[in-house]
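Heads up, the thing below is written out as structure tokens.
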Amino acid sequence: MPYILSVIFNILTSGLPCCLLALGIYLTFRILDFADLTAEGSLLIGGSFAIALIKIGVNPFVATLVATIGGGLCGYLTSVFYTKLRIPKILCGIITMTATSSIALLILGLTDGTQSFINIVSLDSSNQTVFSIFYFGDPIYRPLIKAGVMLAFVVLIFVIIYFFFGTEYGIAIRATGINEKMSRAQGINTKRASIVALIISNALIGLAGALICQSNRGCSVGYSTGYLVVGLASIIIGETIFGNKSFRRSLIAISIGAIIYFVIINVAIELGLNGNLLNLLYAVLIVFALSLPLIKQGILYLVKERREKHA
Amino acid sequence: MLELVNVIKKFNISGNKEDERTALDHVSLQVKPGEFVTIIGGNGSGKSTTLNIVSGSLIPDSGKVLLNGFDITKMSEYERAGYFGRVFQDPMVGTAANMSVYENLEIAYARGRTHKPWKWGFSSSHKKFFIDELKRFDLGLEDRLNQKVGVMSGGQRQALTLLMATIRQRPSERVIKRDYVRFCETDKLKAKEEVEQGFLLAKKERKNALTALKTESLNKEERKERITKINREYDSKISKFDLTKQILLLDEHTAALDPKTARKVLELTNKTVRENHMTTLMVTHNMKDALTYGDRLIMFHLGHIILDVSGKEKDKLSVEDLLKMFEDADKKAEQ
Chain Y
16 MPYILSVIFN ILTSGLPCCL LALGIYLTFR ILDFADLTAE GSLLIGGSFA IALIKIGVNP
76 FVATLVATIG GGLCGYLTSV FYTKLRIPKI LCGIITMTAT SSIALLILGL TDGTQSFINI
136 VSLDSSNQTV FSIFYFGDPI YRPLIKAGVM LAFVVLIFVI IYFFFGTEYG IAIRATGINE
196 KMSRAQGINT KRASIVALII SNALIGLAGA LICQSNRGCS VGYSTGYLVV GLASIIIGET
256 IFGNKSFRRS LIAISIGAII YFVIINVAIE LGLNGNLLNL LYAVLIVFAL SLPLIKQGIL
316 YLVKERREKH A
Chain W
117 MLELVNVIKK FNISGNKEDE RTALDHVSLQ VKPGEFVTII GGNGSGKSTT LNIVSGSLIP
177 DSGKVLLNGF DITKMSEYER AGYFGRVFQD PMVGTAANMS VYENLEIAYA RGRTHKPWKW
237 GFSSSHKKFF IDELKRFDLG LEDRLNQKVG VMSGGQRQAL TLLMATIRQR PSERVIKRDY
297 VRFCETDKLK AKEEVEQGFL LAKKERKNAL TALKTESLNK EERKERITKI NREYDSKISK
357 FDLTKQILLL DEHTAALDPK TARKVLELTN KTVRENHMTT LMVTHNMKDA LTYGDRLIMF
417 HLGHIILDVS GKEKDKLSVE DLLKMFEDAD KKAEQ
């Protein structure tokens with residue numbers, strides 16, 4: 016396979032699960048206006064459930080489903096902290112995230128007969144993942160199949176999310192995020208709406224975690240660190256470039272934003288960036304993405320000025 | 117009928133005794149159906165607190181809130197939203213800025229019933245209805261249905277909130293049945309039987325009409341028309357059992373607007389209230405407005421109702437009279 020193609024598939028296989036991650040974060044961060052730090056925790060839970068269950072011989076699709084539900088449970092936990100115990104929003108997520116690193120160790124420990132705490136669990140070559148089930152023919156096509164399966168997941172989730180937020184309940188959730196007082200006055204049970212939104216968001220992130228870990232054929236307790244930044248950057252890059260005029264537009268923008276993010280990272284690595292500097296690049300990317308609206312404005316202004324000069 | 121019975125509300129109870137502030141002190145109030153009540157009073161006199169207790173934003177320390185004799189004191193804000201339409205002082209509060217006019221209206225139209233996750237939230241028949249309603253308001257909003265509310269002026273937003281507070285879809289049959297029993301002031305068992313019988317009769321009539329239609333030879337268009345007519349008749353029969361007429365709660369809803377816009381919104385309010393015969397509680401700082409509009413005037417002072425006039429007695433009052441009463445009450449409190 017040509018080298019360039021392998022890079023493209025590398026971008027797609029790391030970027031597509033992050034579309035789901037970014038969509039999940041978008042639901043809380045933008046729609047519900049809830050800075051939810053559970054994300055990295057539910058990503059970890061999703062990944063560890065998927066890997067642990069596959070390793071003990073569960074069907075990979077069932078394992079992925081359980082991972083999704085596990086992510087949703089993390090969201091539910093956070094929402095209970097917020098709505099029932101009235102803990103500040105930011106702390107709720109941090110508490111859940113802290114708890115999940117222990118829970119993930121417990122889950123990963125299931126694969127070991129002794130149930131002792133272990134750090135890294137890799138799949139055996141005999142274990143099937145949701146991707147390897149579809150591997151036919153020449154091994155050369157494997158990255159293509161992998162990307163295809165991921166794309167199928169993304170499209171499925173995209174359609175579900177789009178239609179759900181067009182239903183009466185979906186609109187009620189969106190209203191809750193924009194104006195809670197008005198929503199209550201209009202008869203919306205805002206607490207329940209927050210709970211549902213957090214569950215859906217974290218379920219998506221759990222699914223993303225399951226896909227990422229199955230793609231890597233392994234899971235460690237520390238793997239999810241840094242993914243929150245990836246999700247936020249995807250949202251900001253997508254929204255700045257493609258706009259957020261309507262709900263559908265935002266959803267598409269964010270999915271593409273995640274891909275663009277990985278394009279930038281991969282190009283940097285191909286150009287010979289030291290792997291140790293990756294986190295620095297992440298930070299620079301975030302600052303760049305956040306200042307994009309200003310840069311966009313500046314460019315538009317310059318273009319306008321030039322046009323006026325020529326006219 | 118809306119009733120407050122011996123309502124007490126204190127703020128800062130947990131702190132020092134000195135910080136404690138009594139917002140409402142044994143307040144009792146009865147509002148008849150269709151009455152337009154204006155409420156005035158100084159800052160911290162308890163007028164807004166009254167409205168918040170009626171709407172459920174605040175729970176009273178003691179006392180009761182009754183709607184047609186049914187105790188709604190402990191009912192949460194969103195549960196009773198179906199019975200009340202509200203407009204707030206801040207134009208930003210009443211509408212969702214990041215949603216279009218149309219989406220805001222859809223939310224308001226579903227007020228007081230469950231938001232179903234399996235039902236599509238938009239419908240073209242609703243849209244038609246909204247456009248007609250907006251046309252009645254004469255603000256040019258009917259052409260801007262897809263515009264986000266955030267870009268509109270305070271006056272327009274307040275007018276939109278007013279419309280949102282007055283439109284509401286007929287509740288589901290289950291809710292109508294529940295509320296008919298809940299809000300009937302006589303025998304509950306009899307009321308239950310009554311509403312069940314009424315529903316059965318209406319359903320039977322609709323069924324008969326539809327079977328009769330099958331035997332007739334009509335073309336497609338005529339048939340469609342007849343079916344809508346039958347459904348409309350059925351709807352109106354069911355609606356007769358809908359006892360929960362909307363109560364409008366206006367909390368200084370023109371205070372943040374410039375005088376010209378405020379006048380326009382007030383006129384619009386008056387028109388809407390009169391056309392729909394709505395029970396209305398309007399809090400205002402403007403004594404002239406309180407005298408011009410409404411058929412009953414209530415004055416609050418330090419958590420008590422010190423004036424409650426209606427009809428001819430109210431017409432005789434002037435702004436000077438009201439000011440004098442304010443000053444007298446202040447003097448009395450100082451002594």
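Protein chains in written order, with my numbering: chain Y, 16 to 326; chain W, 117 to 451.
Where is the CB? At the ideal position from N, CA and C, for every residue including glycine.
ask   = Can you name, in chain order, every residue of its own chain whose Cβ lies under 6 Å from the Cβ of W/Ala213, other than the five neighbours on each side?
value = Residue mapping note: residue 213 of chain W aligns to position 97 of the second sequence, counting from 1. Result list for W/Ala213: Val265 and Gly266, in chain order.
message = Extract the residue ranges of the alpha helix (DSSP H) inside the segment 288-316 of chain W, only unbroken runs of 4 or more that lie entirely within it.
response = 289-299
Coil, strand or helix - Y/Val318 by DSSP = Here the question's residue 318 of chain Y lines up with position 303 in the first sequence. Of the three classes helix, strand and coil, the one that applies to Y/Val318 here is helix, per DSSP.
inquiry  = List, in chain order, every chain Y residue whose beta-carbon is nearer than 8 Å to that of W/Thr211.
reply    = Within the second sequence, numbered from 1, the residue matching residue 211 of chain W stands at position 95. What W/Thr211 touches in chain Y: Asn194 and Met197.
request  = Going by DSSP, name the residue or residues bridged to W/Phe416.
outcome  = For the purposes of this step, residue 416 of chain W is identified with residue 300 of the second sequence, where counting begins at 1. According to DSSP, W/Phe416 bridges with W/Gly157 and W/Ile421.
task = Given a cut-off of 8 Å, decide if W/Ile155 and W/Phe165 are closer than it, judged by their beta-carbon atoms.
result = The residue given as residue 165 of chain W occupies position 49 in the second sequence. The residue given as residue 155 of chain W occupies position 39 in the second sequence. Looking at the sequence shown, residue 165 of chain W is not Phe but Thr. It is not a contact, given that the beta carbons lie outside the stated cut-off.
inquiry  = As an exercise, report each continuous beta strand (DSSP E) stretch of at least 3 residues that is fully enclosed by the segment 216-253 of chain Y, in chain order.
reply    = 233-235
ask   = Considering only residues of the same chain and omitting the five flanking positions on each side of W/Gly160, which have a CB-CB separation below 6 Å?
value = Numbered from its first residue, the second sequence carries residue 160 of chain W at position 44. Here the set comprises nothing.
inquiry  = Using a Cβ-Cβ cutoff of less than 7 Å, which residues in the same chain neighbour W/Asp424 once the five nearest sequence positions on both sides are dropped?
reply    = Along the second sequence, one-based indexing puts residue 424 of chain W at 308. Contacts found: Ile414.
key: Interface partners of Y/Gly30 on chain W, CB under 9 Å   = Working through the first sequence from its first residue, we reach residue 30 of chain Y at position 15. Going along chain W, no residue has its Cβ under 9 Å from Y/Gly30, so there is no contact; the nearest lies around 28 Å.
key: Residues bridged to W/Asp367 (per DSSP)   = Locating residue 367 of chain W in the second sequence gives position 251, counting from the first residue. Paired residues: W/Val399.
key: Close-in-space but distant-in-sequence residues of the same chain around W/Glu222 (CB under 7 Å, 5 per side omitted)   = On the second sequence, position 106 is the one that residue 222 of chain W refers to. Same-chain partners within the cutoff: Gly237, Phe238 and His242.
query = To which residues does DSSP link W/Gly201 through a beta bridge?
reply = Position 85 of the second sequence, counted from the first residue, corresponds to residue 201 of chain W. According to DSSP, W/Gly201 bridges with W/Leu364.
Expected contact under 8 Å - CB spacing of Y/Val211 and Y/Ile188 to nearest Å = As a position in the first sequence, residue 211 of chain Y is number 196, starting the count at 1. As a position in the first sequence, residue 188 of chain Y is number 173, starting the count at 1. Confirmed, Cβ separation roughly 6 Å.
key: Short Cβ contact (8 Å threshold) for Y/Pro75 with Y/Thr144   = Here residue 75 of chain Y refers to the residue found at position 60 when the first sequence is read from its first residue. Here residue 144 of chain Y refers to the residue found at position 129 when the first sequence is read from its first residue. Taking 8 Å as the Cβ cut-off, Y/Pro75 and Y/Thr144 qualify as a contacting pair.
ask   = Are there three or more Cβ pairs, one per stretch, closer than 8 Å when the segment 149-168 of chain Y is compared with the segment 194-203 of chain W?
value = no
inquiry  = Only counting the same chain, and skipping five residues up and downstream in sequence, which positions put a Cβ closer than 8 Å to that of Y/Ile69?
reply    = Position 54 of the first sequence, counted from the start, is the residue given in the question as residue 69 of chain Y. Cβ within range, chain order: Pro75, Ala78, Leu138, Asn142, Gln143, Thr144 and Gln229.
inquiry  = On the criterion of 16 or more Cβ atoms from any shown chain inside 10 Å, does Y/Lys161 qualify as buried, or is it exposed?
reply    = Stepping through the first sequence from its first residue, residue 161 of chain Y is reached at position 146. With 16 or more Cβ atoms within 10 Å of its Cβ, Y/Lys161 is classed as buried.
inquiry  = With DSSP as the reference, identify every bridge partner of W/Lys243, one or two as the case may be.
reply    = Taking the first residue of the second sequence as position 1, residue 243 of chain W is located at position 127. According to DSSP, W/Lys243 bridges with nothing at all.
message = Pairs of beta-carbons, one from the segment 52-68 of chain Y and one from the segment 109-118 of chain Y, closer than 8 Å: are there three or more?
response = yes
ask   = Which chain Y residues are close to W/Glu193, counting only those with a beta carbon under 8 Å from its beta carbon?
value = If you number the second sequence from 1, residue 193 of chain W lands on position 77. Correct list: Arg199 and Ala200.
message = Strictly under 8 Å for the Cβ-Cβ distance: is W/Pro207 near chain Y by that measure?
response = Here residue 207 of chain W refers to the residue found at position 91 of the second sequence. No, its Cβ sits nowhere closer than 8 Å to a Cβ of chain Y.
request  = Show which residues of chain W have a CB atom less than 9 Å away from the CB atom of Y/Phe179.
outcome  = Numbered from 1 along the first sequence, position 164 holds the residue referred to as residue 179 of chain Y. What Y/Phe179 touches in chain W: Pro233.
inquiry  = Taking 6 Å as the limit between beta carbons, can you name the residues of its chain near Y/Leu247, skipping five residues before and five after?
reply    = The sequence position of residue 247 of chain Y within the first sequence is 232, counting from 1. Excluding positions up to five away in sequence, the list is empty.
ask   = Does the segment 295-305 of chain Y come close enough to the segment 30-50 of chain Y to have 3 or more Cβ pairs within less than 8 Å?
value = no
query = Does the distance from the CB of Y/Leu123 to the CB of Y/Cys234 come in under 8 Å?
reply = What you label residue 123 of chain Y is simply residue 108 of the first sequence in a count that begins at 1. What you label residue 234 of chain Y is simply residue 219 of the first sequence in a count that begins at 1. Yes; because the gap between Cβ atoms is below 8 Å, this pair is in contact.
Separation of W/Val311 from W/Pro233, as counted between CA atoms = Position 117 of the second sequence, counting from 1, holds the residue named residue 233 of chain W. Position 195 of the second sequence, counting from 1, holds the residue named residue 311 of chain W. One C-alpha to the other measures close to 29 Å.
ask   = From which residue to which residue does the beta strand (DSSP E) around W/Ile283 run?
value = Taking the first residue of the second sequence as 1, we reach residue 283 of chain W at position 167. That residue, W/Ile283, is in no beta strand (DSSP E); it is neither H nor E in DSSP.
Secondary structure of Y/Asn291, DSSP reduced to three states = The residue given as residue 291 of chain Y occupies position 276 in the first sequence. If DSSP states are grouped into helix, strand and coil, Y/Asn291 belongs with the helices.
inquiry  = Taking CB distances under 8 Å as the criterion, tell me whether W/Ala197 reaches chain Y.
reply    = By one-based count along the second sequence, residue 197 of chain W stands at place 81. Interface residue, yes.
inquiry  = Using only the alpha-carbon positions, how far apart do Y/Val169 and Y/Ala223 sit?
reply    = Position 154 of the first sequence, counting from 1, holds the residue named residue 169 of chain Y. Position 208 of the first sequence, counting from 1, holds the residue named residue 223 of chain Y. Computed Cα separation, rounded: 9 Å.
request  = Ignoring anything shorter than 4 residues or poking outside the segment 153-192 of chain Y, list the alpha helix (DSSP H) runs there in chain order.
outcome  = 157-179
Any chain W beta carbon closer than 8 Å to Y/Glu348 = Outside the shown range of chain Y (16 to 326) lies residue 348 of chain Y, about which nothing can therefore be said.
message = For the ligand NAP, I want to know if Y/Ser63 counts as a neighbour, meaning its beta carbon is within less than 7 Å of at least one of the ligand's heavy atoms.
response = The ligand content of the structure shown is nil, which means the ligand NAP is not present either.
query = Under 7 Å Cβ-Cβ, which residues of chain W neighbour Y/Asn204?
reply = Here the question's residue 204 of chain Y lines up with position 189 in the first sequence. By Cβ distance, chain W contributes Tyr194.
query = Based on Cα-Cα distance, which residue from W/Phe299, W/Lys353, W/Leu384 and W/Ser333 lies nearest to W/Lys319?
reply = By one-based count along the second sequence, residue 319 of chain W stands at place 203. It is W/Lys353.
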